[in-house]
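Report on the following structure.
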Amino acid sequence: MYNRKGNGILGIIITIIILIVLVIVTNMETSKLYNAQNIISKVVLPVQNGITYLKNKISKNNAFFADLDSLRQENQTLKDENSKLEQQLRELEVIKAENETLKQYQALAEKYQNYKTMPAYVINRDISNYSKTIVINVGKDDGIKENMTVIADEGLVGYILSVTSNTAKVQTIIDSASATSCITSSTRDLMVCKGTIDGTSTLKASYISIDSNIIEGDSVETSGMGGLYPKGMHIGRVTKVTEGKNKIDTTLEIQSAVNFDKLETVLIITN
Amino acid sequence: MKKIFINIIIVISFIFIYLLQANFFTWFKIAGVMPNLFIILMLYIGLFMGRTSAITYGIILGMLVDIFIGRRLGISSIMLAVIGLIANLFDKNFSKDNRITVMAMVGICTIIYEAGAYLLSSLILDINLEIFAFIKILTVEALYNVILTIIIYPIMQLTGYDVEEEYKGSKILTKYF
Numbered sequence: 091m092y093n094r095k096g097n098g099i100l101g102i103i104i105t106i107i108i109l110i111v112l113v114i115v116t117n118m119e120t121s122k123l124y125n126a127q128n129i130i131s132k133v134v135l136p137v138q139n140g141i142t143y144l145k146n147k148i149s150k151n152n153a154f155f156a157d158l159d160s161l162r163q164e165n166q167t168l169k170d171e172n173s174k175l176e177q178q179l180r181e182l183e184v185i186k187a188e189n190e191t192l193k194q195y196q197a198l199a200e201k202y203q204n205y206k207t208m209p210a211y212v213i214n215r216d217i218s219n220y221s222k223t224i225v226i227n228v229g230k231d232d233g234i235k236e237n238m239t240v241i242a243d244e245g246l247v248g249y250i251l252s253v254t255s256n257t258a259k260v261q262t263i264i265d266s267a268s269a270t271s272c273i274t275s276s277t278r279d280l281m282v283c284k285g286t287i288d289g290t291s292t293l294k295a296s297y298i299s300i301d302s303n304i305i306e307g308d309s310v311e312t313s314g315m316g317g318l319y320p321k322g323m324h325i326g327r328v329t330k331v332t333e334g335k336n337k338i339d340t341t342l343e344i345q346s347a348v349n350f351d352k353l354e355t356v357l358i359i360t361n
Numbered sequence: 015m016k017k018i019f020i021n022i023i024i025v026i027s028f029i030f031i032y033l034l035q036a037n038f039f040t041w042f043k044i045a046g047v048m049p050n051l052f053i054i055l056m057l058y059i060g061l062f063m064g065r066t067s068a069i070t071y072g073i074i075l076g077m078l079v080d081i082f083i084g085r086r087l088g089i090s091s092i093m094l095a096v097i098g099l100i101a102n103l104f105d106k107n108f109s110k111d112n113r114i115t116v117m118a119m120v121g122i123c124t125i126i127y128e129a130g131a132y133l134l135s136s137l138i139l140d141i142n143l144e145i146f147a148f149i150k151i152l153t154v155e156a157l158y159n160v161i162l163t164i165i166i167y168p169i170m171q172l173t174g175y176d177v178e179e180e181y182k183g184s185k186i187l188t189k190y191f
């Protein structure tokens, strides 16, 4: 049985304190640790510099290393400039295509006005680390049916998975069981966006065309294929392009436009 | 009469844990990961209330979890019942009097539950397996559950033996002699 009562309570208090510290530290943004980093670098840097200077003096490699450093810097600057120019070139090509699609956007804006929407509040979030469904406060009594599209101000949220008389369960696009047919706004490249278990607002896109010309920052929207979501719903932006050994293995990382951590109100498209 | 009271307390505990998971732990996370207290509740039932209760509660409570928020009915149900059975096996082979043993049981049960639930989900829902991401989350979750066991353990000990006496009665003696 639990005999050492005093020790036990002390242990529990220490555990609670450790838990609170762990939660605070692991959720803290690294930018907020600037002061701590600054102090550490102020203490460490002079020592590090001194040691490096002494090492170079002893081995008489001081000048060589200085030259090497400047060459490295120059090389890096040139590389940066080159990649910037390449990106600008690609962006110019993309602008051409964008011009074409702008007309379609205009039509889409008018189309959005035709959607009949119903506002709802998020009343419950998933209790598991591996799925990302939410529960909203409207249901069958309010005219909500399965497979209806759910959106937020920023873009697509997901679709209605199941309904009760007063609530509805929403399968979000970031859930790992969700697969959305998408298209890039500028280059019109088709892909399939799937949710991941890692991260709260990230999607992974695959099945991308071999001759696609997608760059970081491209906007992604629903393609309208599959019949679940209407065409042109904003999903997010490409944050990372990963090319595999074969061109067909290319995957994209997409940051969803909707901040699912802070999602409180949604709109359900009812028509 | 006492059994009815115990069952009411278990149901209240389930609702309390559900509210904790859905509200408090959605922001009280370690590295973006929340614990799973349902596993600890099932371990408690399996350790102190016997196999029949463990399976019954596992299926019913799992079904409720799936109805409230799950994507498919049955995944939590199956896995919680499995945890109840494993807890019953632990009861037959290990001592519950040691805090470290119970912490290890919680860690093992968390790994089995989440790995099973993830595999079942991937089979039923056509999910791409993300092994590294899964292991990362699972490690933090298991550790979180183990840390929480330090806090919950005294309550388990305080109430557990009364519950065990009520449910197992004379069977307890045969285990030791």
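Sequence lines, in order, name chains A and B.
Its first residue numbered 91, the first sequence is counted upward by one per residue in the working numbering.
Its first residue numbered 15, the second sequence is counted upward by one per residue in the working numbering.
Even for Gly, the Cβ is constructed at its ideal location relative to N, Cα and C.
What you are looking at is a predicted structure, and each value in this text was computed from that prediction instead of being measured.
What does A/N219 reach in chain B if we use C-beta pairs closer than 7 Å?
Result: V47, M48, I151 and E155.
Starting from A/E236, follow the beta strand (DSSP E) in both directions and report where the run begins and ends.
Secondary structure note for A/E236: it is in no beta strand (DSSP E), with a DSSP letter that is neither H nor E.
Give the interface partners of B/Y132 over in chain E, defined as CB-CB distance under 7 Å, in chain order.
The structure shown contains no chain E; the protein chains it does contain are A and B.
Starting from A/T332, trace the beta strand (DSSP E) both ways and give me its first and last residue.
Its beta strand (DSSP E) spans residues H324 to T332.
For the candidate residues A/Y297, A/Y319 and A/A347, whose alpha-carbon lies nearest to that of A/I359?
It is A/Y319.
Residues of its chain near A/L179, where Cβ-Cβ distance is below 7 Å and the 5 sequence neighbours each way are ignored
Within the same chain, A/L179 has no close Cβ partners at all.
Would you say A/S255 reaches chain B, if we count a Cβ-Cβ gap shorter than 8 Å as a contact?
Look at A/S255: its C-beta is not under 8 Å from any C-beta on chain B.
Where A/P136 falls, given that 16 or more other Cβ within 10 Å makes a residue buried
Under a 10 Å Cβ-count criterion, A/P136 is classified as exposed, with fewer than 16 other Cβ atoms of the shown protein chains found around its own Cβ.
Starting from A/K259 and walking both ways along the beta strand (DSSP E), at which residues does that stretch end?
In the DSSP assignment, A/K259 falls within the unbroken beta strand (DSSP E) covering A258 to T262.
Between the region 17-31 of chain B and the region 343-355 of chain A, do at least 3 Cβ pairs fall closer than 8 Å?
Short answer: they don't touch.
Do A/G248 and A/V260 have their beta-carbon atoms positioned less than 8 Å apart in this structure?
Cβ atoms of A/V260 and A/G248: closer than 8 Å.
Assess, as a yes-or-no matter, whether the region 285-296 of chain A is touched by the region 326-342 of chain A under the definition of 3 or more beta carbon pairs within less than 8 Å.
Contact between the region 326-342 of chain A and the region 285-296 of chain A is present, because at least three Cβ pairs lie under 8 Å.
For B/T113, report the span of its alpha helix (DSSP H) as first-last.
The displayed chain sequence assigns Arg, not Thr, to residue 113 of chain B. If you look at B/R113, you'll find it in the alpha helix (DSSP H) that goes R113 to L139.
Within 8 Å of any Cβ in chain B, is that where the Cβ of A/L112 sits?
Among the residues facing chain B, A/L112 is included, as its CB has a counterpart in that chain under 8 Å away.
DSSP three-state call for A/V356: helix, strand or coil?
In the structure shown, A/V356 sits in a strand (DSSP, three-state: E or B).
Starting from the beta carbon of A/G98, find every residue of chain B whose beta carbon is closer than 7 Å, and list them in chain order.
Neighbourhood of A/G98 in chain B, by CB distance below 7 Å: P168, in chain order.
Tell me, please, whether the region 30-47 of chain B touches the region 204-219 of chain A by the rule of three or more beta-carbon pairs shorter than 8 Å.
Contact holds between the region 30-47 of chain B and the region 204-219 of chain A, because three or more Cβ pairs, one in each stretch, are under 8 Å apart.
Examine chain A for any beta-carbon lying closer than 8 Å to the beta-carbon of B/S135, and answer yes or no.
B/S135 counts as touching chain A.
Assuming B/E155 is part of the alpha helix (DSSP H), what are its boundary residues?
Per DSSP, B/E155 belongs to the alpha helix (DSSP H) from I145 to K182.
Buried versus exposed call for A/V133 [16 or more other C-beta atoms within 10 Å across all chains shown]
Counting Cβ neighbours within 10 Å, A/V133 comes out exposed, since fewer than 16 surround it.
Quick one: which chain B residues come within Cβ less than 8 Å of A/I106?
The answer, in chain order, is I165.
Beta-bridge pairing of B/I23 - partner residues as DSSP gives them:
Bridge partners of B/I23: none, in fact.
Please classify B/Y71: does DSSP put it in a helix, a strand, or coil?
Helix at B/Y71.
Could you name the residues of the same chain whose beta carbon sits closer than 7 Å to that of B/T163, not counting the 5 residues immediately before and after it, in chain order?
Cβ-Cβ distances below 7 Å link B/T163 to I54, V116, M117 and V120 in the same chain, with the five nearest sequence neighbours on each side left out; the list follows chain order.
Taking only the alpha-carbon atoms, compute the straight-line gap between A/Y92 and B/F146 and give it to the nearest angstrom.
At A/Y92, the pLDDT of 47 sits below 50, so the modelled position is not reliable; the number obtained from the coordinates is stated separately. Here the alpha carbon of A/Y92 sits roughly 39 Å from the alpha carbon of B/F146.
For B/L61, go through chain A and note every residue whose CB falls closer than 9 Å to its CB, in chain order.
Here the premise fails: no neighbours, minimum Cβ distance about 15 Å.
Under 7 Å between beta-carbons, which chain A residues line up against B/A36? List them in chain order, please.
Correct list: N214, R215 and I217.
Could you work out which residue in A/I99, A/N361 and A/I273 is closest to A/V328 when comparing CA atoms only?
When only C-alpha atoms are compared, the closest one is A/I273.
Is A/K330 near A/E306, with beta carbons less than 8 Å apart?
Yes; because the gap between Cβ atoms is below 8 Å, this pair is in contact.
Using beta-carbon positions only, say whether B/L99 and B/I69 come within less than 8 Å of one another.
A contact, by the Cβ cut-off of 8 Å.
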